[in-house]
Each structure stands twice: as structure tokens, then as C-alpha cells.
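Number 98 in numbering that gives the first Met the number 0 belongs to position 99 of the sequence shown; there are no gaps in the numbering.
Remarks on the structure that follows.
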Amino acid sequence: MKLYYSAGACSLSPHIVAVEAGIAVQLERVSISKTPHTTGSGLDFSAINPNGYVPVLELDDGTLLTEGPAIVQYLADMKPESGLAPPAGTVARARLQAWLNFIATELHRMYSPWLFHKEYGEQAQAVARGKIAERLAYVDTHLAAGGPFLAGEAFTVADAYLFTIVNWSRFVNVDLSPFPNLGAYLERVGRRPAVREAMQAEGLKVPA
């Protein structure tokens, strides 16, 4: 299998999951800062994903999967013994999917594109930061009551996604100091060997 990624982008989430599950994936870097987007091997990325964004998981038979929350669940289901996702059809799985949806719609889409593009203006970015703070407060409260991970004692694909997105805070001036439980959570997840391995493979600074 091949994972199309951009260093530090949301594609880090399925990369972490693949390493956690012990699934070997070939990495193909995508240049998303230039138009047209091209892959490391010189392919036109729009032919792979017309939406133009990562991640994309190419299966061994050539099937292409898009959208991070779908990809991480697919990978987890390949290795159910990893415990990265509860069995399909269970209440626990529905709760996991609720977290994935929350992260995608309430956090991911607030950080990106709003905080990564100055052309949106300071007022729009201030609104985005306010919304993010509200959502992070919710996560912080949840972790205080039910941590150490989103699903309690078990690290799941939702944690890989949340870590990836909230880790952007240091690049876009989102203040995490009001959220001590979330800060401790990020440190805890950042110490996981699979997280460190995936970040190193992408050339990212690994948490101390």
C-alpha cells in the first residue's frame, strides 16, 4: 500500500495509525504548496485525488481511499488486534466515529484553512481562534474526566487524529495554556514510539 502525504499535514494521522498497527506503507510525498500539486515521483496529484488534498491511501489493487477519518478506520480494521478501533456495529465504535467527526468538523476545519492563510484577515482568524478555544475547552474537560485518551484507557485512531490537528497550534499561535489536561495529553501521545517514528519519517521535529 502507498500513503500519499505532505509532511505535518493531516496525513500524519493515518501515518501514525499505520505504524501503530504494524502495517507497512510506502510513503509518497505530495507538494501541496505549489500548483499544480505533484508527487515525489513526478505524478500530477490531481489525477490521484481531484480534490487536491492529502491523505490518499492506494491499496495494493490500485483502489484509492480518501478522507483521513475513513482511512484510519480502514487501517485499524485491517489489524483488529491492534485495538485502534472497536468492532464495527458497537456503541464504542459509534462513539469513536463521533470523535472523528468532531475533530474533522469542529477542529480541523477551523485550523485549516482559516489559520494558515493570512489573506483571510485578522478578524476572521480571531473568530476561528475563538471557536477553536471553545472546542479545546470541551476536549480538555473530557480528558480530565475520562482520560488518558479520548476513549479512556485505550489509544485509538481518534487520538492519532486529534494529536495531529492540535499539534498545529504551535505554528498558528493557538494558546494551549488554558488547557492543562490537553497539554499533558499531547505530551503523552507525543512520547508514543509510533508517533515519534512517523514524525521522524516525515522530517518533523519530534517532541522532547
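Note that CB positions come from ideal geometry on N, CA and C, so glycine has one too.
Using a Cβ distance threshold of 8 Å, Val16 and Leu74 count as a contacting pair. Here DSSP, grouped into helix, strand and coil, assigns Tyr52 to coil. With contact defined as three or more Cβ pairs closer than 8 Å, the segment 162-180 and the segment 9-27 are in contact. In this structure, Val55 lies away from Ala159, with their beta-carbon atoms at least 8 Å apart. Of the candidates Asp139, Pro85, Met198 and Leu175, the residue whose Cα lies closest to the Cα of Arg128 is Leu175. Annotation for Asp59: Met0 place their beta carbon closer than 8 Å to its own, counting only its chain and skipping 5 residues before and after.
In this chain, the beta strand (DSSP E) harbouring Arg28 covers Gln25 to Ser30. Distance between Ser45 and Ser32, taken at the CA atoms: about 14 Å.
In the pairwise beta carbon analysis, the segment 84-97 is classified as not touching the segment 122-137: fewer than three pairs are separated by under 8 Å.
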